[in-house]
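Q:
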Amino acid sequence: MSASTQKVTNLFQVYLRLRPPQSGACAAGGRFLAVEQPEDDSTTPKHITLNPPNDRRRAIEKFAFTQVFEEDATQLDIFHCTGVANLVKGVLAPCGGDGTDALLATLGVTGSGKTHTILGSKSQRGMTQLALDVVFRSIGQNLLSCDSHPNLENSIIASDCSEAAIYLAPAYIDSVYADAPAALRASSRAPTPLNVGLSQSSPQPLSQPQLGQQEQSDPSGSELAPRQRSVRIVSREDSVAPPTPPCTPGLESKGQGHERTGRDRGTAFACSSARTCFETRHPQCQQVRKTSAQRQQGPKNFMAPTTSIRLKTNTKTELHSQGESIGPGQTPSRRLHRPSTFPQQPDVSALSVSCDPSSEYAVLISMYEVYNDRIFDLLTPAIKSGATKEYRRRPLLFKSTEASPDRKVVAGLRKVICGNLHQALMVLEAGLHERRVAGTGSNSVSSRSHGFFCVEVKKRTKGSRRQGAEAPWGGSSLTIVDLAGSERARDAKTAGATLAEAGKINESLMYLGQCLQMQSDAANKDKPNLVPFRQCKLTELLFSNCYPPATAYSSARHRNPQKAVMIVTADPNGDFNATSQILRYSALAREVTVPRIPSITQTILSTAAQAPQPCSNPFPSPTLTRPLSPLGSSSVSYPQLLSSPNIVRNVSPMGSSPGNDVHRTTMEAAALEIARLSEEVEYLRRALDAERAARQEAEAHLLSTEDRIIELEQAIREDCTNEFERRLEIELARFRATMQVEIERGEEHWGRKIEVFERSMGGGVLGGWGSDDEGFDGDEDKENVLVEDVHQENERLRRENEALRRELVGMSLTKRMPLQERGSDASMASRGKPATADTGSPRSARVGARSGDGRDNEATLRLRLEKLRVSGAQASVRSFGAASLSPKKMRKLAAKRWNAVGDDDDLFGV
Ligand SMILES: Nc1ncnc2c1ncn2[C@@H]1O[C@H](COP(=O)(O)OP(=O)(O)OP(=O)(O)O)[C@@H](O)[C@H]1O
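For the sequence shown, counting from 1, position 111 maps to 111 in UniProt numbering; every step adds exactly one.
1) With 16 as the cutoff for other CB atoms within 10 Å, does P283 come out buried or exposed?
2) Would you say the beta carbon of H450 comes nearer than 7 Å to a heavy atom of ligand 1?
3) Could you spell out where the alpha helix (DSSP H) holding C81 opens and where it closes?
4) Could you spell out the range, first to last residue, of the alpha helix (DSSP H) harbouring A34?
5) DSSP three-state label for G412, please.
6) Which residues bound the alpha helix (DSSP H) around F452?
7) What separation, rounded to the nearest whole angstrom, lies between the Cα atoms of L732 and P381?
8) Should C720 be labelled buried (16 or more other beta-carbon atoms within 10 Å of its own) or exposed?
9) Would you mind reading off the limits of the alpha helix (DSSP H) that contains L152?
10) Sorry if obvious, but does the Cβ on T115 come closer than 7 Å to a heavy atom of ligand 1?
11) Alpha carbon to alpha carbon, what distance is there between Y368 and R414?
12) Cα-Cα, which of V756, T479, A502 is closest to L702?
13) What's the call for F342, buried or exposed, on a 16-neighbour Cβ count within 10 Å?
14) Among the residues of its own chain, which have a CB less than 6 Å from the CB of F12, if the five just before and after it don't count?
15) Buried or exposed, going by whether 16 or more other CB atoms sit within 10 Å of the CB of T110?
16) Should S175 be counted as a contact of ligand 2 given a C-beta to heavy atom distance under 7 Å?
17) Give me the Cβ distance between P346 and Q75, rounded to the nearest whole Å; I'm assuming they're in contact under 8 Å.
18) Would you be able to state if there are at least three C-beta pairs under 8 Å between the region 145-158 and the region 502-519?
19) I think Y547 touches L336, with their Cβ atoms under 8 Å apart; what is that distance to the nearest whole Å?
20) For a test of the three-state rule: what should DSSP assign to V353, helix, strand or coil?
21) Got a sec: does ligand 1 put a non-hydrogen atom nearer than 7 Å to the Cβ of T569?
22) If we call anything under 8 Å between Cβ atoms a contact, is L588 one with S520?
23) Closer than 7 Å: is that where the CB of R125 sits relative to any heavy atom of ligand 1?
24) Looking only at its own chain, which residues have a Cβ that is under 7 Å from the Cβ of E36, when we skip the five neighbours before and after it?
25) Would the region 417-426 and the region 77-86 be scored as touching if the rule is three or more Cβ pairs under 8 Å?
26) Using the Cα positions of E390 and E725, report the straight-line distance between them to the nearest angstrom.
27) Judging by CA-CA distance, which residue of E795, L107, L132 is the nearest neighbour of S449?
28) So what's S359 in DSSP terms, helix, strand or just coil?
29) Assign Y167 to buried or exposed, taking buried as 16 or more other Cβ atoms, counted over all protein chains shown, within 10 Å of its Cβ.
30) How is S235 classed by DSSP in three states: helix, strand or coil?
31) My understanding is that I375 touches L396, with C-beta atoms under 8 Å, so please give their C-beta distance in whole angstroms.
32) With distance defined between alpha-carbon atoms, name the residue in E402, G451, W473, F452 nearest to R460.
33) Can you give me the Cβ contacts of K384 inside the same chain, cut-off strictly under 6 Å, excluding the 5 residues immediately before and after it?
34) First and last residue of the beta strand (DSSP E) that includes Q67?
35) Would you tell me roughly how many angstroms separate the C-alpha atoms of G762 and H791, rounded to the nearest one?
36) Give the straight-line distance between the Cα atoms of I505 and D174, rounded to the nearest whole angstrom.
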């Protein structure tokens with residue numbers, strides 16, 4: 001097994017860092033991990049052996065890594081030996097081109113020192129700060145500033161392919177940090193995650209230049225001399241005076257004498273007054289404190305709302321407690337105190353890598369976290385939800401964009417253009433305050449999300465302006481990842497939401513483990529390196545840049561596969577199971593040695609085989625003739641059983657007599673039974689453990705699903721409310737428009753009516769004045785004429801009606817011919833022919849005497865009158881009611897009526 005050969009084919013270089021034991025903490029099972037020292041002193045250790053504790057029936061395993069760092073390795077050792085400077089060099093691309101993307105990540109069990117390695121502590125810088133220092137120092141004068149290039153921001157916005165919101169650092173920092181009152185700054189200012197509090201004793205001054213000089217470029221441009229071995233150099237950095245003693249009792253017991261990682265540096269260990277102030281501003285701190293307090297009360301108190309809910313709640317309480325005005329667009333949690341200073345050790349001012357002298361550079365910082373398999377921007381403030389009135393972050397997508405079709409990017413991030421190291425550290429600090437942390441049984445400040453810190457180095461050729469346009473931007477990025485730690489719910493004593501988070505963390509780490517295992521298997525077996533990295537967001541983010549793009553667009557722009565370094569952290573005195581699991585899938589190679597503890601049954605059987613056989617059946621069925629001696633009641637121990645670590649039993653003394661032989665056989669059988677039972681117990685114990693773990697995982701999954709459902713429900717409610725409001729708006733607008741039209745129409749209608757009324761009124765008045773009036777209008781005149789006509793017509797009709805009525809009164813039924821005959825007579829008369837049956841009657845004579853139109857009119861009139869009579873008689877008859885009158889009476893009545901009509905007959909005819 002050779003680790004060096006893995007370098008060529010593995011996607012990741014894998015380093016192992018062992019963390020020093022926590023002072024005061026007694027290791028439960030002792031140290032189980034041994035570093036194999038190389039035979040040759042000139043090489044670095046690469047192998048470790050994992051010795052399972054005595055109570056585990058596990059094989060001894062041997063693992064290989066690119067390099068192993070022992071407990072005394074310093075941050076500077078890690079920085080030099082993992083080749084972070086080389087990663088930076090690849091990004092800066094001194095020989096031209098776009099450079100190579102780089103990835104630096106830490107992986108390990110919770111509390112093993114990942115955050116310490118990546119982000120450092122109160123007094124020590126981590127890989128992130130050191131890498132940033134080297135980046136800015138190396139670019140030096142070639143870094144474009146917004147002051148000298150006012151168009152810088154716009155040109156970068158135009159070149160960005162990730163739909164990002166790009167800001168200049170001064171503007172961003174001013175929007176995030178609030179200047180604390182002078183008194184607060186001077187005395188009780190709470191230290192923020194990465195900066196050294198004023199109350200802290202300053203780190204020991206070193207001979208190298210300090211941060212103030214770091215922002216100037218190193219004119220020498222001296223190259224990094226790569227260190228080939230794990231040199232235990234600056235031991236002083238780890239022996240820096242420990243920070244202020246903790247004032248939170250729940251935290252005192254943990255990690256005493258050790259530096260704390262980013263967040264607790266500024267939170268958990270702050271003195272109470274400062275902490276109170278700090279916590280009101282930083283919800284995460286409250287959360288840490290709360291969970292620590294909860295832990296003191298017992299494991300049940302870990303049942304708490306989800307982190308997001310806690311964050312929201314805290315943000316809310318913060319708003320009220322602060323009583324501070326918060327500008328629009330800012331969430332309360334963004335009002336941070338401006339850090340006064342940052343840790344300056346270890347010092348890398350002597351180190352810079354070369355950059356491309358013919359290019360000019362710009363540095364963009366972005367930060368995000370993967371929480372519950374979703375990506376959240378750490379530099380974008382949470383937005384207040386319209387429906388729930390709570391502050392929430394919108395998850396972002398990892399996708400191909402229009403401008404980047406061949407390569408997936410986290411779309412919609414906020415990116416900050418930084419002009420120097422200090423600005424970059426301020427941005428880092430702001431982002432870290434947004435990251436989710438919680439106190440668990442394993443780590444008082446445990447990361448609950450995978451944190452990504454991206455340094456995007458943009459470069460373009462200097463002075464190659466063509467027709468006024470500047471050269472296009474290219475470049476690469478360095479991504480630094482602080483993964484959340486795997487944890488066992490039993491050890492971490494998590495429950496509720498924190499347990500659900502742990503479930504998600506473990507799940508994503510399991511996928512990561514599969515990917516790492518596949519890559520090392522592929523490297524060892526010369527198989528194609530196919531890694532199933534699309535299983536979750538974490539692996540997708542970590543691995544997708546390891547391969548050259550294979551899409552149709554790939555020819556457009558060639559990108560080198562990223563260089564990746566993984567630092568695995570482990571506590572040699574910590575949890576054996578969790579650590580061995582991480583090592584097993586992260587190691588570049590693994591060897592299994594012979595099982596360490598032989599089966600107890602085998603031990604007994606082999607012993608029995610060696611012993612003299614008193615009878616043909618050496619192991620009769622264990623039918624005991626008498627009960628076993630009580631444990632500890634005998635004086636002689638059975639030597640073979642003693643050799644087993646699992647069973648130490650004292651048995652009755654043995655002699656050489658036949659009775660003793662029987663006794664011995666019985667005891668052997670009993671020992672066998674004991675062995676069988678203990679194996680069974682062991683098996684059941686393991687099965688129970690597995691079941692318990694599965695149950696916890698299922699519970700965690702359930703909780704996380706519930707959380708997800710709640711979040712989804714909230715989102716859906718919000719969407720529905722928005723949609724409802726939108727539709728309501730539309731309907732209201734429509735209603736208002738219709739209403740307006742109706743009002744206008746009504747007004748018009750009434751206007752017209754009033755006009756007609758006024759005219760009629762005016763006409764009456766004018767008519768009263770007489771037609772001689774000078775101002776009489778022509779229209780009104782016409783109208784009056786029409787009214788007059790109508791009156792005349794009315795009068796005429798009234799007269800006609802009167803004449804008809806009189807004619808009806810004068811006519812007698814007896815004098816008239818039958819209706820049918822009269823009808824035909826009338827019709828004949830109308831046609832000018834003489835009537836046959838009625839020629840002698842005076843009436844017909846009168847009719848016959850008439851000529852022309854007068855005759856026709858008369859005939860028509862008669863016909864109409866006849867009809868009127870008949871219908872009048874019928875109506876009157878009907879009006880009396882058919883039921884009340886007999887037919888005879890009805891006839892009499894009709895005759896009377898006709899007679900009455902006949903009396904007036906002579907009146908008819910005009
Ligand atoms: N190499 C080290 N030297 C000194 N202290 C260390 C070292 N590694 C870890 N520690 C301390 O151990 C504690 C836990 O470390 P850290 O927070 O880095 O763990 P972690 O792996 O990030 O845990 P988690 O996954 O839960 O976030 C911290 O107080 C840290 O200061």
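Beta carbons are placed, not taken as given, at the ideal position from N, Cα and C, and that holds for glycine.
A: Taking the geometry as given:
1) Locating residue 283 in the sequence shown gives position 283, counting from the first residue. Only weak support exists for where P283 lies, its pLDDT of 39 falling under 50; the value from the coordinates is given anyway. Around the Cβ of P283, a 10 Å sphere holds 16 or more other Cβ atoms; the residue is buried.
2) In the sequence shown, the residue the question calls residue 450 occupies position 450. Because no heavy atom of ligand 1 lies under 7 Å away, the Cβ of H450 does not count as near it: no.
3) Position 81 of the sequence shown, counted from the start, is the residue given in the question as residue 81. Start and end: 75-81.
4) Numbered from its first residue, the sequence shown carries residue 34 at position 34. Here A34 belongs to no alpha helix (DSSP H); instead the beta strand (DSSP E) covers 33-36.
5) For the purposes of this step, residue 412 is identified with residue 412 of the sequence shown, where counting begins at 1. Correct three-state label for G412: coil.
6) Sequence index remark: in the sequence shown, residue 452 carries index 452 (1-based). For F452, there is no enclosing alpha helix (DSSP H); the enclosing beta strand (DSSP E) has its first and last residue at 450-461.
7) In the sequence shown, the residue the question calls residue 732 occupies position 732. In the sequence shown, the residue the question calls residue 381 occupies position 381. About 34 Å.
8) Counting from one through the sequence shown, the residue named residue 720 turns up at place 720. It is exposed - the Cβ of C720 has fewer than 16 other Cβ atoms within 10 Å.
9) For the purposes of this step, residue 152 is taken as residue 152 along the sequence shown, with counting starting at 1. Its alpha helix (DSSP H) spans residues 152-159.
10) The residue given as residue 115 occupies position 115 in the sequence shown. Because some heavy atom of ligand 1 lies under 7 Å away, the Cβ of T115 counts as near it: yes.
11) The residue labelled residue 414 in the question sits at position 414 within the sequence shown. The residue labelled residue 368 in the question sits at position 368 within the sequence shown. C-alpha separation (whole angstroms): 9 Å.
12) Translated into the one-based positions of the sequence shown, residue 702 becomes position 702. Closest by alpha carbon: A502.
13) Within the sequence shown, numbered from 1, the residue matching residue 342 stands at position 342. With 16 or more Cβ atoms within 10 Å of its Cβ, F342 is classed as buried.
14) Locating residue 12 in the sequence shown gives position 12, where the first residue counts as 1. Same-chain partners within the cutoff: A564, M566.
15) Counting from 1 along the sequence shown, the entry for residue 110 is found at position 110. Classified as buried, T110 has 16 or more neighbouring CB atoms from the shown chains inside 10 Å of its CB.
16) With respect to small molecules bound, the structure shown includes ligand 1 and not ligand 2.
17) One-based indexing of the sequence shown puts residue 346 at position 346. One-based indexing of the sequence shown puts residue 75 at position 75. Confirmed, Cβ separation roughly 6 Å.
18) Segments in contact, no.
19) In the sequence shown, counting from the first residue as 1, residue 547 sits at position 547. In the sequence shown, counting from the first residue as 1, residue 336 sits at position 336. About 39 Å separates the two Cβ atoms, so there is no contact after all.
20) By one-based count along the sequence shown, residue 353 stands at place 353. In the three-state DSSP reduction, V353 falls in the coil class, being neither helix nor strand.
21) Within the sequence shown, the letter at position 569 stands for residue 569. Yes.
22) On the sequence shown, position 588 is the one that residue 588 refers to. On the sequence shown, position 520 is the one that residue 520 refers to. Pairing L588 with S520 gives a Cβ-Cβ distance under 8 Å.
23) Translated into positions along the sequence shown, residue 125 becomes position 125. No, the beta carbon of R125 sits no closer than 7 Å to any heavy atom of ligand 1.
24) For this step, residue 36 is matched to residue 36 along the sequence shown. The beta carbon of E36 is closer than 7 Å to those of P45, H47, I48, T49 in its chain, skipping five residues each way along the sequence.
25) Contact annotation: the region 417-426 does not touch the region 77-86, with fewer than three C-beta pairs closer than 8 Å.
26) Stepping through the sequence shown from its first residue, residue 390 is reached at position 390. Stepping through the sequence shown from its first residue, residue 725 is reached at position 725. Put simply, the backbone Cα of E390 is about 19 Å away from that of E725.
27) Here residue 449 corresponds to residue number 449 of the sequence shown, with the count starting at 1. Of the listed residues, the one whose Cα sits closest to S449 is L107.
28) One-based indexing of the sequence shown puts residue 359 at position 359. When secondary structure is reduced to three states using DSSP, S359 falls in the strand class.
29) Translated into positions along the sequence shown, residue 167 becomes position 167. Counting Cβ neighbours within 10 Å, Y167 comes out buried, since at least 16 surround it.
30) Position 235 of the sequence shown, counted from the first residue, corresponds to residue 235. In this predicted model, S235 has a pLDDT of only 32, less than 50, meaning its place in the structure is not dependable enough to derive any value.
31) Counting from one through the sequence shown, the residue named residue 375 turns up at place 375. Counting from one through the sequence shown, the residue named residue 396 turns up at place 396. Sure, about 5 Å apart at Cβ, within 8 Å.
32) Locating residue 460 in the sequence shown gives position 460, where the first residue counts as 1. Cα-wise, what sits closest to R460 is W473.
33) Counting from 1 along the sequence shown, the entry for residue 384 is found at position 384. Annotation for K384: Y391 place their beta carbon closer than 6 Å to its own, counting only its chain and skipping 5 residues before and after.
34) Against the sequence shown, residue 67 aligns to sequence position 67. It spans 67-69 - the beta strand (DSSP E) in which Q67 sits, taken as one unbroken run.
35) Taking the sequence shown and counting its residues from 1, the one referred to as residue 762 is at position 762. Taking the sequence shown and counting its residues from 1, the one referred to as residue 791 is at position 791. Each residue's Cα considered, the two are about 19 Å apart.
36) Taking the first residue of the sequence shown as position 1, residue 505 is located at position 505. Taking the first residue of the sequence shown as position 1, residue 174 is located at position 174. Approximately 34 Å, taken between the alpha carbons.
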